[in-house]
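Chemist: Here the protein sequences come in this chain order: V and E.
Each residue of the first sequence is one higher than the one before, counting from 580 in this note's numbering.
Each residue of the second sequence is one higher than the one before, counting from 580 in this note's numbering.
2 protein chains.
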Amino acid sequence: MARPTPLSGFPEWLPSQRIIEQHMLVTIQEVFELHGFSGIETRAVEPLEQLLRKGETSKEVYVLQRLQAADDAPQAAADKALGLHFDLTVPFARYVLEHSGRLNFPFKRYQIQKVWRGERPQDGRFREFYQADIDVVGQGELPYHYEVELPLVMARALLALAPYGVPPFTIYVNNRRLAEGFYRGIGLTHIEEILRSIDKIDKIGPGKVADLLVADAGATAEQAHLCLELAAIHGSDETVIDTISELAHREGVNHPLFDQGLTELRELLAAAQVRAPGLVEANLKIARGLDYYTGSVYECVLHGHEDLGSICSGGRYDTLASDGKNTYPGVGLSIGVSRLVSRLFAHNLVEVTRETPTAVLVAVNDEADRHASTVVADQLRARKVSADVAPSAAKFGKQIKYADKRGIPFVWFPPTQAQPQHTVKDIRTGEQHEANPDTWLPPAGDLHPTTQPVAAREQ
Amino acid sequence: MARPTPLSGFPEWLPSQRIIEQHMLVTIQEVFELHGFSGIETRAVEPLEQLLRKGETSKEVYVLQRLQAADDAPQAAADKALGLHFDLTVPFARYVLEHSGRLNFPFKRYQIQKVWRGERPQDGRFREFYQADIDVVGQGELPYHYEVELPLVMARALLALAPYGVPPFTIYVNNRRLAEGFYRGIGLTHIEEILRSIDKIDKIGPGKVADLLVADAGATAEQAHLCLELAAIHGSDETVIDTISELAHREGVNHPLFDQGLTELRELLAAAQVRAPGLVEANLKIARGLDYYTGSVYECVLHGHEDLGSICSGGRYDTLASDGKNTYPGVGLSIGVSRLVSRLFAHNLVEVTRETPTAVLVAVNDEADRHASTVVADQLRARKVSADVAPSAAKFGKQIKYADKRGIPFVWFPPTQAQPQHTVKDIRTGEQHEANPDTWLPPAGDLHPTTQPVAAREQ
């Protein structure tokens, strides 16, 4: 068999890279759990009709078919209706409905899983990738304070990734109630069309967005200008609220949704200044293209990596799911972990001390005496020190090279006739000393592979 | 939307069950890492021709197709050739070939991922399930001692799961070199047919296996009897080696493969008696149906759950992969984690203290004063104590009920005018006392949800 070639859009990491990804996933999980989110996993597949409820993503769905389904036709017909999930929100909505009788609401859950999209791969866009989601979902109702809580939890999760080279970032927030109230207050009614147009400011520029607002959303040139004036407002403190308020006052906007949205946004910024200072900013051009958001919306960009797009997004939705008896409103955000990780790797922003968990390689003096080395390794493992035994009783130089190639810091030498004591050698410094296999421990910093950020380099 | 119904063969757990599964996966991972295995993940899809190299599994493969692939035909044609992996061995073989230039051999890797099989679901057989694999793969050669090492690592991983209710187990080992040498030594040559027949002893009984040996493997009745006599031998100490040796001697077996296999099996049992006492047993009826095993083979059954079949299997293969320049021999085992976990749940063999990571619920005195409660929660989180804040400033009784329903052990009460001190209440005992949010810690046993085995119950 010839050497296989990579599949475009399906990233795969080397062992050293996987250690970094694993540590990042655990870090994210710890922050979620500290904030009281329960972990769940949903199956990778959903019924196709569930996946296609949002028409626009239908092209991206991978449909499953059993290879020889023709052999048992009725079963095959049922199988045909399955596809791989393309996000973790649709499966979560189904999970909530399916298990609602056995869940306690409000239900705070995190979910870290791979998702699949059949779209054309490009930089930062994959066909298989990890997402890390948090959502809170209520039964019937969900108080606004969760719209404050969730972006702050995400800010902390992303901040906790700084030791892995994740650059500074800003979480941009906006409020659809505020926006809708403002648009209605200046006499506009095609809210969805306006939001879809505003969402394109960064792509096509404000001039063309103004044209769209006139053409698609029934705005006059003056109304379009006001929409853009609102969208241009941003900032992280009370002054941004004042600016919005002044604009609305100037234009005589008087709409309860506007007032509610402004109060909510003020509350979010005030909490962020205390609990996640410098990480959250109101930015009124953030619209999110999807029409199911009804309150706060969030996007997050990495400073210096704006080309990557948002690496963490989400919002409030009044109806995540509904089973006729109850509706389930929610608010949630999702980190595009693979997008983040692949950028760190591509730009060499992070490095790891070794490619294996092994802290100590136990040398083998003689193949007939391998057992003595495995005993030492087991003594170390009993104290949670990861140990490996040399693959062969080669010359010590070759055994040390086995450790060196993998970044294993220590090589242990069991006694020989010439050297009747156990010794351990730090192969980075060459320092070697006697050691007791029942008590010796490596320095804490060498116990596990550790990662560190690398200053951004020119590519 | 009506309440969705479960998809047969795609298990999904409630939050409390997922905590148990997560803890088990982390425990397995820790044992693998202590023994020097590096974690990797491979993509979920492989080219179909790679998945179909073992003809017998072709029916089980899920093929992927993009929903609207017709829109761009050339891309669609390429997509058609992808399927979901049905194990972690085939993807690992491909990974080794693809990345061989950047891996160090022998390469010890673990891999814990979901796999998919389109087979008919039944008890303990799923369409989507977790496997946890370890393999060591060499470039060109792989010493026998890894065939000793790997089942012992698995024995320790499974033993480490006892706190989760995993019952006592035995890892059965056999050696194909020994078996082949014996068969050849008594004049048989259709080795694959013999192994396939022997593999059926438990299913169809020795009488019918004897018939198969005569019909398919060209054995005389006498030779078939000898094959069954060998297959009936089992035991965990040196006496089993003596029994095999005596049988071979009696029958005048003289074949180098037999001698090699017997020496190897002796070595494995001797190591197991020291390093995993009571967990490993030679059992000469273990054949494994698959024809790529060339040395040791392994299966593991849970005592009292023999109906579940093997929950951890594997063996030695001389050619995991080959790229023309090098062959890559390996040895590995795989735990069927979902099969194991679902049995624990179905038989109520394990329980967990709560369904959420939250150790402390901070009560809210007044919605206007929610900030004071979030500050307390953040103080606790800063010391790695998982905390949640009550969803509303309901009566304290209702807030305590929120905690109680989830199994959260502590409720924190920020100061009020009537009670100017912080207090914390253990809602299991009712005990309540003053506490400092900057220093208080729950007892270590309450910091995280903990699991404990439950004595087996009648169903």
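All C-beta atoms in this analysis are idealised placements derived from N, C-alpha and C, irrespective of residue type, glycine included.
(1) For chain V, check one thing: does any of its Cβ atoms lie closer than 7 Å to the Cβ of Lys787/E?
(2) CA-CA distance, Gly760/V and Gly915/E?
(3) Go ahead and pull the three-state DSSP assignment for Val752/E.
(4) Taking Thr935/V as the query, report the chain E residues whose CB atoms sit under 7 Å from its CB, ordered along the chain.
(5) Give the C-beta separation of Ile780/E and Lys693/E to the nearest angstrom, bearing in mind that I take them to be a contact with Cβ-Cβ under 8 Å.
(6) My understanding is that Ile691/E touches Ala711/E, with C-beta atoms under 8 Å, so please give their C-beta distance in whole angstroms.
(7) List the residues of chain V whose Cβ lies closer than 7 Å to the Cβ of Ser815/E, in chain order.
(8) Taking CB distances under 7 Å as the criterion, tell me whether Arg867/V reaches chain E.
(9) So Lys963/E contacts chain V; which residues on that side make the cut at Cβ distance below 9 Å?
(10) Roughly how many angstroms lie between the CA atoms of Gln608/V and Tyr689/V, to the nearest whole one?
(11) May I have the straight-line CA-CA distance separating Thr1030/V from Val968/E, to the nearest angstrom?
(12) Give the DSSP bridge partners of Tyr907/E, in chain order.
(13) Name the chain E residues that come within less than 7 Å of Ser776/V, Cβ to Cβ?
(14) Going along chain V, which residues have a C-beta under 7 Å from Glu683/E?
(15) Would you identify the three-state DSSP class for Asp666/V, choosing helix, strand or coil?
(16) Which whole runs of the beta strand (DSSP E) in the region 743-831 of chain V are 3 residues long or more, in chain order?
(17) Jot down the residue ranges of each uninterrupted alpha helix (DSSP H) in the region 690-728 of chain E, minimum 4 residues, whole runs only, in chain order.
(18) Answer with yes or no whether the minimum CB distance from Gln839/V to chain E is below 7 Å.
(19) Tell me which residues share the same chain as Leu737/V and place their Cβ nearer than 6 Å to its Cβ, disregarding the 5 neighbours each side in the sequence.
(20) Need the endpoints of the alpha helix (DSSP H) that Phe611/E sits in, please.
(21) Can you look up Ile979/E in the DSSP assignment and give me helix, strand or coil?
(22) Just mark Pro746/V as buried or exposed, buried being the case when its beta carbon has 16 or more other beta carbons within 10 Å.
(23) Starting from Asp1005/E, trace the alpha helix (DSSP H) in both directions and tell me its first and last residue.
(24) Would you kindly check if the distance between the Cβ of Tyr877/E and the Cβ of Val752/E is under 7 Å?
(25) Let's see if you can read the secondary structure: which residues bound the alpha helix (DSSP H) around Ser921/V?
(26) Have a look at Arg622/E and Gly615/E and give me their C-alpha separation to the nearest angstrom.
(27) Between the C-alpha atoms of Asp821/E and Ala811/E, what's the straight-line distance to the nearest angstrom?
(28) How about Arg597/E and Ile773/V: do their beta carbons lie closer than 7 Å?
(29) Skipping 5 residues on each side, what residues in its chain have a beta carbon closer than 8 Å to that of Glu612/V?
(30) Between the alpha carbons of Gly719/E and Arg582/V, how many angstroms are there, rounded?
(31) Do Asn862/E and His813/E count as a contact pair if the criterion is CB distance below 7 Å?
(32) Just grab the DSSP bridge partners of Asn833/E for me.
(33) Give me the Cβ distance between Gln629/E and Val675/E, rounded to the nearest whole Å; I'm assuming they're in contact under 8 Å.
(34) Got a sec: which bits of the region 666-683 of chain V sit with their beta carbon under 8 Å from any beta carbon on chain E, in order along the chain?
(35) Among Tyr872/V, His1001/V and Ala1014/V, which residue has its Cα nearest to the Cα of Ala951/V?
(36) With Ala966/E and Ala956/E assumed to form a contact (beta carbons below 8 Å), what rounded beta-carbon distance in angstroms separates them?
Modeler: On the basis of the supplied data:
(1) no
(2) 55 Å
(3) strand
(4) Gly615 and Ser617
(5) Incorrect: roughly 32 Å between the Cβ atoms, too far for contact.
(6) 5 Å
(7) What Ser815/E touches in chain V: nothing, since even the nearest Cβ is about 18 Å away.
(8) no
(9) Glu609 and Leu613
(10) 8 Å
(11) 33 Å
(12) Ala900/E
(13) The premise fails here: Ser776/V is roughly 26 Å from chain E at the closest Cβ pair, so nothing lies under 7 Å.
(14) Before going further, note that residue 683/E is Asn rather than Glu in the sequence given. Those within 7 Å of Asn683/E in chain V are Lys984 and Arg985.
(15) coil
(16) 748-754
(17) none
(18) no
(19) Phe748
(20) Pro594 to Leu613
(21) helix
(22) buried
(23) Segment Thr1002 to Asp1005 is the beta strand (DSSP E) holding Asp1005/E; no alpha helix (DSSP H) there.
(24) yes
(25) Val916 to Ala925
(26) 23 Å
(27) 14 Å
(28) no
(29) Gly618 and Tyr689
(30) 16 Å
(31) yes
(32) Asn833/E is not bridged to any residue.
(33) So it is not a contact: roughly 13 Å between Cβ atoms.
(34) Arg673, Tyr674, Leu676, Glu677, His678, Ser679, Arg681, Leu682 and Asn683
(35) His1001/V
(36) 4 Å
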